[in-house]
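Protein chains in written order, with the working numbering: chain P, 48 to 367; chain U, 5 to 345.
Here's the structure, in structure tokens; my notes come after.
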Amino acid sequence: MPIKLPFRPRRQEFPPDLWTRCPDCGEMLYNKQLEKNLRVCPKCGHHFRLRVDARLRLLLDQNSFAERDGALKSVDPLGFIDQKPYLDRLEAAEVSTGLREAAVWGTGSIGGHRVVICAMDFAFMGGSMGSVVGEKVTRAIEAARSDRLPLVIVSSSGGARMQEGTLALMQLAKTCAALGRLAGAGVPYISVMTDPTTGGVFASFAALGDVNLAEPRALIGFAGARVAAGTIAEELPPGFQRAEFLLEHGFLDEVVPRPQLRDRLIALLRLFRPAPLVPVESQNGTGPMLRSLGLMDVLGDRDETRGSAEAAGSQGPARG
Amino acid sequence: MQAGTLHERDPDHAALREQVWTRVQLARNVRRPHALELMRHMAAEIVELHGDRLFRDDPAIVGGLARLDRHRIVFVGHQKGAETDENIRRNFGMPHPEGYRKGIRLFQLAERLKLPVVTIVDTPGAFPGQASEERGVAEAIARSIQVLSGLRTPVVVVITGEGGSGGALALGVGDVVLALENSIYWVSSPEGCASILWRSPEAAQDAAVAMRLTAADQAELGVIDQVIAEPGQGAHTDHADTAKRLKAAIVARLDELADQPVDALVQARYGRFRDMGAWTTVEPVVPRSERIGGLAERWGLTDRLRGLLESGRATLTGSVEQPLRPQAGDLADEPPLREEV
């Protein structure tokens with residue numbers, strides 16, 4: 048019941064920029080406190096989406112980040128107009144997010160370990176992957192390969208960007224191909240999936256981590272629930288396409304709550320370094336020859352320096 | 005304002021819409037020849053192989069060994085059915101992950117035996133159901149793309165009907181991508197795109213035009229390399245002739261690719277997909293202050309101060325470097341479009 052105050056109320060409503068209602072438990076959360084708590088609901092542990100700058104601050108050592116290719120900008124290759132021209136949508140996204148695209152990449156360090164990192168921002172057109180996002184992810188992968196630095200990609204995306212048609216689809220091929228070369232060079236890749244990681248992003252680089260991590264309850268799936276429900280009349284079980292569902296079915300190594308994510312990455316990076324260079328490397332980028340050499344080398348390095356049980360814990364799932 | 009009124013005012017657009025939609029329907033025509041049928045017409049010898057060795061045999065993806073003229077090949081393709089019964093058995097050409105894993109098994113077999121691969125793409129998309137997700141359809145697609153992109157043997161891709169998004173691309177990475185005239189290739193089905201971007205499935209025809217999904221458009225975008233003309237009113241009117249035209253194009257490409265050193269082949273395939281996309285480069289920094297300023301006007305002074313002090317709103321900092329290689333967009337003021345693709 049509202050209490051009548053003798054003076055004019057200063058605000059008619061909670062300004063959305065100051066208070067947020069937790070969609071899980073309904074608690075009203077003061078934004079400043081929510082930010083302090085890494086945007087995790089202090090009452091129920093719901094993980095709110097993190098903007099890309101906050102994500103990088105969370106994971107990286109202070110002032111260690113150097114962005115690359117920040118000047119890449121999308122164009123409209125198809126002349127795409129739905130209810131709004133694509134270029135207008137891009138401009139609106141730029142103004143509302145202060146970002147130029149849905150992905151940011153660069154180099155930085157995590158607990159003193161130098162890494163190449165790429166992070167996505169769902170606030171920019173649903174984190175969708177068009178040419179620029181695909182290009183940035185690919186350049187990050189290629190830099191990790193040439194500089195022999197571990198790669199961390201934090202995904203948050205609804206999938207491929209429809210407004211760029213099949214050119215967006217081709218980014219799946221581009222990123223997967225680059226990851227194939229990275230694997231061939233013996234450089235580890237940690238994929239961190241956050242809410243949501245779906246469609247073409249999940250069906251390309253996000254699924255291919257040597258280690259796949261995810262935040263609790265993150266929506267991770269190939270087909271959006273709307274697509275699944277629309278295409279096939281199937282009743283979907285509770286928890287379907289959530290991080291815990293994927294862990295149970297063997298597609299994640301671990302579900303890591305946000306406050307522990309940085310420490311988890313540090314623990315992995317301590318054990319999970321790029322394999323030392325082998326002579327064949329300079330000659331040719333990929334191929335089974337090099338790949339097996341790279342693997343042998345990793346094993347050799349491990350036996351030398353650490354116990355095998357320790358090393359086994361850091362191995363990603365090998366599927367094919 | 006509404007997309008629905010645009011083409012009514014513009015007769016050219018209405019005609020284009022009609023024309024594109026006709027192709028969509030031709031691509032989906034159930035009488036169209038599907039993978040096995042085309043292979044039986046094209047190949048002198050053929051042995052189908054089954055199963056992914058992990059879970060089960062997926063009837064929505066077929067594959068095996070065959071001979072096309074002088075080439076012994078491994079083929080893998082999506083398989084739709086011609087009759088309702090067969091279509092149900094083959095899940096309307098919508099593979100589960102085990103279908104893609106069968107493909108991966110056959111691609112790797114081809115690599116070991118140094119046989120070229122021919123893939124036949126014709127699917128509305130990978131199956132989006134629970135079983136598919138449980139067994140990791142996204143991982144299977146990504147892995148298939150990755151295996152094909154680095155496969156050390158020639159790969160010829162033919163799109164014969166529907167190229168439905170990631171489920172199609174899983175078999176769609178090759179040294180050369182051919183397409184039948186009435187085939188289509190998309191990132192999201194026209195219906196799906198319409199319901200998301202237009203918020204009405206009735207706008208599917210507008211979406212089809214906007215996405216530029218026809219084979220001719222895809223060739224212009226550089227996504228496919230060659231369009232193969234279909235006989236008569238479309239491939240469904242003459243299966244044998246369609247197969248003949250297809251075979252001529254495939255064999256010509258296999259002849260070409262057979263002479264290339266495998267390192268150069270894999271390098272060129274990487275380059276083919278690496279170069280896809282269109283973008284430009286601009287001066288850095290879009291200030292986020294606009295957003296904060298806009299809100300501040302509505303608030304009192306304390307709110308405003310609080311807003312300014314709010315920690316979560318810092319803008320992203322970091323140096324912006326030059327791109328790794330020059331882009332066409334650097335040179336011209338007009339937006340670089342198809343040429344750059």
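All C-beta atoms in this analysis are idealised placements derived from N, C-alpha and C, irrespective of residue type, glycine included.
Limits of the unbroken alpha helix (DSSP H) element including residue i
i: P:C223; result: 212 to 231
i: U:G165; result: First-last for U:G165: 159 to 168, but that is the beta strand (DSSP E), not the alpha helix (DSSP H).
i: P:F249; result: 246 to 249
i: U:S136; result: 134 to 138
i: U:T26; result: 15 to 32
i: P:N78; result: 78 to 83
i: P:S111; result: That residue, P:S111, is in no alpha helix (DSSP H); it is neither H nor E in DSSP.
i: P:K90; result: That residue, P:K90, is in no alpha helix (DSSP H); it is neither H nor E in DSSP.
i: P:R68; result: Segment 66 to 68 is the beta strand (DSSP E) holding P:R68; no alpha helix (DSSP H) there.
i: P:S121; result: Careful: P:S121 lies outside any alpha helix (DSSP H), inside the beta strand (DSSP E) at 119 to 121.
Chain U within 7 Å of residue i, Cβ atoms only
i: P:D257; result: no
i: P:F95; result: no
i: P:T213; result: yes
i: P:V302; result: no
i: P:M217; result: yes
i: P:L318; result: no
i: P:G129; result: The sequence given here has Asp at residue 129 of chain P, not Gly. It does; some Cβ of chain U falls within 7 Å.
i: P:W66; result: no
i: P:H160; result: no
i: P:P132; result: no
i: P:K377; result: Residue coverage of chain P in this structure runs from 48 to 367, which leaves residue 377 of chain P outside it and unanswerable.
Extent of the continuous beta strand (DSSP E) to which residue i belongs
i: U:I124; result: 121 to 127
i: P:V199; result: 198 to 204
i: U:L72; result: 65 to 72
i: P:I188; result: Run containing P:I188: none in the beta strand (DSSP E); it sits in the alpha helix (DSSP H), 178 to 194.
i: P:H160; result: 160 to 167
i: U:V78; result: 75 to 82
i: P:G155; result: 150 to 157
i: U:T284; result: 283 to 285
Buried or exposed by the 16-neighbour rule on C-beta atoms within 10 Å, applied to residue i
i: P:C165; result: buried
i: P:Q330; result: Any reading at P:Q330 needs caution, since the residue's pLDDT is 47, under 50, leaving its predicted position unreliable; the model's value is listed next. Label assigned to P:Q330: exposed.
i: U:A272; result: exposed
i: P:M75; result: exposed
i: U:L72; result: buried
i: U:A220; result: exposed
i: U:T88; result: exposed
i: P:Q80; result: exposed
i: U:A48; result: exposed
i: U:R35; result: exposed
i: U:F59; result: exposed
i: U:R74; result: exposed
i: P:G341; result: A caution first: P:G341 carries a pLDDT of 40, below 50, which makes its placement in the model unreliable, though a value can still be read off. Buried, because 16 or more other Cβ atoms sit within 10 Å of the Cβ of P:G341.
i: P:C91; result: exposed
Contact with chain P by residue i, beta-carbon distance below 7 Å
i: U:Q150; result: yes
i: U:T26; result: no
i: U:T284; result: yes
i: U:Y274; result: yes
i: U:R57; result: no
i: U:P15; result: no
i: U:Y104; result: no
i: U:P101; result: no
i: U:T9; result: Confidence is the limiting factor: at U:T9 the pLDDT is only 42, short of 50, which leaves the residue's position unreliable, though a coordinate-based value still follows. It does not; no Cβ of chain P falls within 7 Å.
i: U:L299; result: Bear in mind that the predicted position of U:L299 carries a pLDDT of just 42, short of 50, making it too unreliable to give a figure here.
i: U:G165; result: no
i: U:R44; result: no
i: U:D334; result: With a pLDDT of only 38 at U:D334, under the threshold of 50, the placement of this residue in the model should not be trusted, and no figure is reported.
i: U:R216; result: yes
i: U:I145; result: yes
Alpha-carbon spacing of residue i relative to residue j, whole angstroms
i: U:D14; j: U:R21; result: 11 Å
i: P:Y77; j: P:T67; result: 7 Å
i: U:T218; j: U:R27; result: 7 Å
i: U:A144; j: P:V302; result: 21 Å
i: U:A18; j: U:A214; result: 13 Å
i: P:D64; j: P:A139; result: 18 Å
i: U:A114; j: U:Q264; result: 17 Å
i: U:D267; j: U:P158; result: 11 Å
i: U:A208; j: U:V191; result: 14 Å
i: U:D210; j: P:R192; result: 42 Å
i: U:E41; j: P:G233; result: 42 Å
request  = Just list the beta strand (DSSP E) runs in the region 148 to 230 of chain U, keeping only unbroken ones of 3 residues or longer that don't cross its boundaries, in chain order.
outcome  = List check, beta strand (DSSP E) in window: 159 to 168, 180 to 184, 188 to 190.
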